[in-house]
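Worksheet: one structure, shown below.
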Amino acid sequence: LERSGRLRQHLADLIAAPEVAAALADCGAVLWAAPAAELGAWLQECYAASLGAALFDAVTRVAPDIDPDDLTMDVEGDTIWIAERTPGGVGIIQRIAEAITRRPRDLDLQLLDTLRHCDRELLASQLSAVASLIGQGDETLTDAFGTARGASGLRGHAQALREIGAALEPHGVPATRDLVVALNSKFLRPSSDADSDALVAALSARWEQEQDRLGCAIDLRVMAVTAWRLDTIRAQVKQVLERVGGPESAPDPSQVFNLLQSMLWLDCRDSCPDCIERGQPYQRLVKPSRALLRAMVDPAGEAIGYGDPGWSERLIERLAEQYAAQVTCGQADIGALREEIATLLTTPVDVGFQRHYPAIERVERRGAGWLVGLVIRDMAQR
């Protein structure tokens with residue numbers, strides 16, 4: 010943040026203006042005031058825009074070699090229109106319709122994947138989990154980070170990567186390429202040490218705590234500014250800067266802001282350009298919300314918990330009635346569930362007067378646990 014300049018002065022003048030202060034106060038009241046009458050209409054618009062964005066993402070992946078830039082999506086009341094940009098069309102919509110006709114279940118799966126998965130959200134959750142382990146003083150991960158910082162050569166880096174993976178895997182965090190790159194950027198950067206790791210952990214914990222308290226997302230730049238005003242964070246920042254720059258180094262506000270901002274990461278709580286937030290050329294829609302759709306249509310909330318009383322009987326019953334079912338388990342139970350699933354796959358399920366064998370449709374990580382989806386393919390694709 011610049012100490013002086015026309016931009017800073019312009020912002021200061023705006024904040025000092027009574028009408029701007031009143032507008033900010035009105036916006037802040039939304040956090041605690043009763044919902045306005047317009048909330049219902051906005052929710053309806055948000056739901057339509059969210060469903061349209063999710064459907065647009067799903068249909069562009071249901072058939073191969075489809076470029077989303079060749080299609081447009083518009084919402085008109087309760088109708089969602091997906092059309093080709095080329096006048097007269099070049100057969101893209103026909104290919105999508107044929108793919109859905111052949112395998113209608115695939116569209117459902119793509120929709121569910123769109124609702125549940127975002128690359129940015131996944132990476133943010135993994136980094137938060139790593140920061141939490143550091144904050145808890147996990148010795149295995151701390152030693153692995155020490156090995157990574159001391160590595161010099163390809164063999165040493167490979168060994169450090171194995172140690173980091175071994176430290177994270179028991180906690181349900183796979184050491185993917187994206188995560189390793191992010192760890193090098195946030196934790197294992199040049200001049201980093203255990204004190205900078207502790208700073209990242211404290212920042213992440215306070216960030217998550219404040220977001221939960223307010224019930225809304227806090228921009229990482231806002232967190233970087235406000236964190237410097239917290240005594241515990243300020244002391245940790247000074248400790249890191251003194252270690253790097255020497256005891257006489259005085260913290261510069263812009264240097265502190267850049268340091269704190271670089272230690273945080275982008276997240277996706279509703280939508281972002283990495284999932285369903287995509288601009289449309291002919292209509293400006295409400296920002297879509299995956300959280301709203303998940304709260305209303307995600308069947309994962311009906312998943313059966315492994316180890317619950319009668320869980321296997323309920324699983325078979327749901328397969329017979331709905332032709333699809335999900336079962337969840339913790340990281341410690343995945344081995345036992347694998348053995349149980351192997352038995353279920355060789356046991357036919359009575360569907361009416363027919364008998365069908367279930368199949369594994371998908372396996373997903375769900376936080377620190379797992380979700381396994383089973384399906385009777387012959388019935389689900391009808």
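In the numbering used here, each residue's number is its place in the sequence shown (first place is 1) plus 9.
Virtual Cβ for every residue (Gly too), placed ideally from N, Cα, C.
Note that the structure is a prediction, hence the values are computed from the model and not measured.
What first and last residue would you give for the beta strand (DSSP E) that runs through residue i?
i: R186; result: Here R186 belongs to no beta strand (DSSP E); instead the alpha helix (DSSP H) covers R186 to K195.
i: L80; result: L80 to E85
i: A92; result: T88 to E93
Ignore the nearest five residues each way along the sequence and tell me which others in residue i's own chain have a CB closer than 7 Å to its CB.
i: V429; result: Nothing about residue 429 can be reported from this structure: the residues present for the chain run from 10 to 391 only.
i: T156; result: Q168, A169 and E172
i: I101; result: I75, D79, L80 and E93
i: K195; result: L136, V209, M272 and W274
Which residues in the same chain have their Cβ closer than 8 Å to the Cβ of residue i, if we skip the five residues on either side of it in sequence?
i: L353; result: S321, L324, I325, P367 and L383
i: S137; result: S213 and E217
i: Q289; result: T81, M82 and D83
i: G376; result: S134 and G181
i: T95; result: D79
i: D359; result: A329
i: L10; result: Its pLDDT being 47, under 50, L10 is placed unreliably in this model, and the value from its coordinates should be taken loosely. Counting only Cβ-Cβ distances below 8 Å, and skipping sequence neighbours, we find R17, V234, P262, S263 and F266.
i: D387; result: H365
i: E349; result: Y315 and S321
Provide the residue span of the alpha helix (DSSP H) that contains residue i, from first to last.
i: G181; result: Per DSSP, G181 belongs to no alpha helix (DSSP H) and is neither H nor E.
i: L339; result: Before going on, a small fix: residue 339 reads as Gly here, not Leu. G339 -> not in any alpha helix (DSSP H); beta strand (DSSP E) instead, spanning A333 to G339.
i: V395; result: Residue 395 lies beyond the stretch modelled for the chain, which goes from 10 to 391, so this question has no answer here.
i: S271; result: P262 to M272
i: I102; result: I101 to R111
i: I343; result: I343 to L354
i: E148; result: E148 to G159
i: Y56; result: L48 to V68
i: P27; result: P27 to G37
i: K247; result: D240 to G254
i: S137; result: D128 to G144
i: V209; result: A203 to L223
i: R287; result: First-last for R287: undefined, no H or E at that position.
i: L229; result: L229 to A236
i: L301; result: R299 to V306
Answer yes or no: do residue i and residue j have a C-beta to C-beta separation smaller than 8 Å?
i: L132; j: A67; result: no
i: R129; j: L275; result: yes
i: R303; j: I285; result: no
i: A236; j: I242; result: yes
i: G174; j: G378; result: no
i: F154; j: D206; result: yes
i: L150; j: L177; result: yes
i: L120; j: A63; result: yes
i: R215; j: L239; result: yes
i: V246; j: L273; result: no
i: C55; j: V295; result: yes
i: I24; j: F65; result: no
i: R327; j: Q270; result: no
Spell out the partners DSSP gives residue i in its beta bridges.
i: R17; result: Paired residue(s): none; R17 is not in a bridge.
i: R375; result: G378
i: A368; result: V384
i: I313; result: V336
i: Q363; result: V360
Let me see if you follow: with CB-CB separation under 8 Å, is residue i close to chain D or not?
i: D279; result: Note that chain D does not occur in the displayed structure, where there is just one protein chain.
So residue i and residue j are in contact, right, with Cβ under 8 Å, and what is the actual spacing, rounded?
i: A351; j: V336; result: Actually they do not touch by this definition, with Cβ atoms about 13 Å apart.
i: P262; j: L250; result: The pair is not a contact, with the Cβ atoms about 12 Å apart (cut-off 8 Å).
i: V234; j: L192; result: Their Cβ separation, rounded to whole angstroms, is 25 Å, which puts V234 and L192 out of contact at 8 Å.
i: A26; j: A72; result: Not quite, the Cβ-Cβ distance comes to about 53 Å (not below 8 Å), so this is no contact.
i: G297; j: A58; result: Reading off the sequence shown, one finds Pro at residue 297, where the question assumed Gly. Sure, about 5 Å apart at Cβ, within 8 Å.
i: P199; j: Q340; result: The Cβ separation is near 33 Å, so there is no contact.
i: L346; j: V372; result: Between V372 and L346 the Cβ distance is about 10 Å, and since that is not below 8 Å, they are no contact.
Closer than 6 Å by C-beta to residue i: which residues in its own chain qualify, once you throw out the five before and the five after it? Chain order, please.
i: C281; result: R129
i: G61; result: M82, V84 and I89
i: R278; result: A226
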